[in-house]
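Novice:
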Amino acid sequence: MTIQKELHENTLFVAVEGRLDTTTAPDLEKSLRENMEDAEKLVLDFSELEYISSAGLRVLLMAQKTMAKKEGMKVTGVNELISEIFEVTGFTEILEIE
48 MTIQKELHEN
58 TLFVAVEGRL
68 DTTTAPDLEK
78 SLRENMEDAE
88 KLVLDFSELE
98 YISSAGLRVL
108 LMAQKTMAKK
118 EGMKVTGVNE
128 LISEIFEVTG
138 FTEILEIE
């Protein structure tokens with residue numbers, strides 16, 4: 048998995064490529080925690096994300112809870128597989144998905 052981050056004004060843009068699973072979720076969580084306090088908004092680009100496990104969903108839930116106290120978080124570029132996982136797990140009700 049690769050993570051690319053950019054902070055523009057008060058928005059943190061994070062692009063995730065590859066698999067977000069038990070092995071890689073701690074890396075994303077660490078990266079988000081290091082940068083979320085400087086941001087008011089979080090945009091996650093999943094256009095290159097191939098898979099997300101329950102460990103990855105837990106990281107998204109943590110980020111959502113943190114950013115809900117600010118201006119929010121949204122997920123973009125969700126493919127069909129990831130979208131199906133979000134629907135089955137109820138994350139479509141929790142996350143703002145574009």
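48 is the number of the first residue of the sequence shown in the numbering used here; add one for each residue after it. Built from N, CA and C at the ideal position, the CB exists for glycine as well.
What are the complete beta strand (DSSP E) segments, minimum 3 residues, inside the stretch 66 to 134?
Specialist: Runs of the beta strand (DSSP E) lying entirely within the stretch 66 to 134 and spanning at least 3 residues, in chain order: 88 to 99 and 120 to 123.
Novice: Have a look at P73 and S101 and give me their C-alpha separation to the nearest angstrom.
Specialist: In this structure, the alpha-carbon of P73 lies about 12 angstroms from that of S101.
Novice: Can you look up E143 in the DSSP assignment and give me helix, strand or coil?
Specialist: strand
Novice: Taking the alpha-carbon positions, what's the L67 to I99 distance?
Specialist: 5 angstroms
Novice: Can you give me the start and stop residues for the beta strand (DSSP E) that E56 sits inside?
Specialist: Premise fails: E56 is in no beta strand (DSSP E) and is neither H nor E.
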